[in-house]
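**Student:** Sharing a structure, written as structure tokens. Questions coming.
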Amino acid sequence: MAGGRFVHKLLRRKLQSHFKVSMSLAQRFSKESAINAGSVSALRAFALLGAGVSGLLSFSTLSASADEAEHGLECPSYPWPHKGILTGVFQQACASCHSMSLVSFHDHVGVAYAKEEVKAMAAEIMVVDGPNNEGEMFTRPGKQSDQFPQSYANEAAARSANGGAYPPDLSLITKARHNSQNYVFSLAGYRDPPAGVAIREGLHYNPYFPGEAIAMPKMLNDGAVKYDDGTPSTESQMGKDVLTFLSWAAEPEMEERNLVGFKWILVLSLALLQAANYRRLKWPVLKSRKLVLDVVK
């Protein structure tokens, strides 16, 4: 009996030591497997990301081809810094036909002009207001709260003065047209019609306009506007100034929105790095662990 007990204790100790070694090897193997699994998962994620990017590029290429077929000649892409707001070119070259019903004089305060300058600009126009106490309409000098004056009394008058064409409102023109700012700037690219192309009287050939025939004549010519700071009044310079002003009018909050978006991207990037580090350190062991219950009698 004593010999049997001794043999039983000896076997029990060997089994326990073997069990501990097996558990340590299993834990080590599980950690290595988790690391390898994490590497494989990362490679798969990069592969899926690459496939998604390639698919997106293919889709954008097809979309660009369809847009080119629909809208005609593709206009070039220009770098637009949008660092200043100059309205002089618009007032002298565009405001005679086009309106900006969503822009008020006070929108320029703190952006391009001081408050006193805006007051002086608004006072130069006469606004029809009313009715007064007698029920009659009257005219008064403009205020900061007034919108830009309308070029025509109504749509019928605008069409009558422009050969049946209605000059669109330019408040949101850069957001309402295909290819946005590049398209609006390219409309200055007037050309002589090529051989074999007949343009109806009263229209002008412009390859960037749908149909290549536009009712608006060429308004931007070298020397048409005099800059207060002595900037050369070239056609391209005036076109850039008008486009910059129209872009600001359509999106006056663009710079602030971009700044807030950059801050959010920075914060979320840091949070993503922390989440990835937490997952790499904590989750592989928890996900790959294996509990084995060995009952030793």
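Just so we're aligned: the sequence shown equals residues 1 to 297 in the UniProt record's numbering. Yeah, the Cβ is synthetic: ideal placement off N, Cα and C, and Gly gets one too. Given the structure is predicted, the values throughout are model-derived calculations rather than measurements.
#1: Helix, strand or coil for A215? Go by DSSP, reduced to three states.
#2: Below 8 Å on the Cβ atoms is my contact criterion, and I expect V89 with D241 to pass it. Report the Cβ-Cβ distance as a whole number of Å.
#3: Look up Q147 in the DSSP assignment and give the residues it is bridged to.
#4: Look at Y183 and R191 and say whether their C-beta atoms are less than 7 Å apart.
#5: With a 10 Å radius around its C-beta and 16 neighbouring C-beta atoms as the bar for buried, classify M126 as buried or exposed.
#6: With a threshold of 8 Å on Cβ separation, who are the neighbours of N132 within its own chain once the five nearest residues in sequence on each side are excluded?
#7: Just checking, does the region 216-232 make contact with the region 249-265 on the three C-beta pairs under 8 Å criterion?
#8: I'd like to check one pair, G223 with A188: are the Cβ atoms closer than 7 Å?
#9: Between G202 and S101, what straight-line distance do the alpha-carbon atoms span, to the nearest angstrom?
#10: Which residue from I214, V295, L170 and S145 puts its Cα closest to that of S247?
#11: Tell me V109's beta-bridge partners as DSSP assigns them.
#12: Helix or strand or just coil, what does DSSP make of A26?
#13: Check M238 in the structure and name its three-state DSSP category.
#14: Does the beta-carbon of I173, which I'm using as the reference point, lie nearer than 6 Å to any heavy atom of the ligand MG?
#15: In angstroms with no decimal places, state the Cα-to-Cα distance between C94 and M219.
#16: For S104 and D146, which I take to be in contact (beta-carbon distance under 8 Å), what is that distance rounded to the nearest angstrom?
#17: Does DSSP put K282 in a helix, a strand or coil?
#18: So what does DSSP say about R257, is it helix, strand or coil?
#19: Nearest-angstrom Cα distance between G110 and F262?
#20: How should V118 be labelled, buried or exposed, when 16 other C-beta atoms within 10 angstroms of its C-beta is the threshold for buried?
#21: Quick check: I199 and A215, are their CB atoms within less than 7 Å of each other?
#22: Could you round the C-beta distance between G142 and A122 to whole angstroms and report it? I think they count as a contact, below 8 Å.
#23: Which partner residues of P141 appear in the DSSP bridge assignment?
#24: Report the CB separation of E235 from N221 in whole angstroms; it is logged as a contact under 8 Å.
#25: Select from S99, K175 and E256 the residue whose C-alpha is nearest the C-alpha of Q150.
#26: Just how far apart, CA to CA, sit E255 and F185?
#27: Do you know offhand how far N162's Cα is from A271's?
#28: Identify, in the order they occur along the chain, each residue of the same chain with its Cβ nearer than 8 Å to the Cβ of A165, setting aside the five sequence neighbours on each side.
#29: Going by other Cβ atoms of all chains shown within 10 Å of its Cβ, with 16 needed for buried, is Y208 buried or exposed?
#30: Using CA coordinates, which residue listed in L291, Q144 and H204 is at the minimum distance from H106?
**Tutor:** By the coordinates alone:
#1: coil
#2: 5 Å
#3: S104
#4: no
#5: exposed
#6: F138
#7: no
#8: no
#9: 27 Å
#10: L170
#11: Y113
#12: With a pLDDT of only 41 at A26, under the threshold of 50, the placement of this residue in the model should not be trusted; the figure read from the coordinates follows. Note: A26 maps to helix in three-state DSSP.
#13: helix
#14: What this structure holds is no ligand at all, so the ligand MG is not there to describe.
#15: 8 Å
#16: 6 Å
#17: helix
#18: helix
#19: 23 Å
#20: buried
#21: no
#22: 4 Å
#23: M126
#24: 6 Å
#25: S99
#26: 21 Å
#27: 58 Å
#28: R159, A215 and M216
#29: buried
#30: Q144
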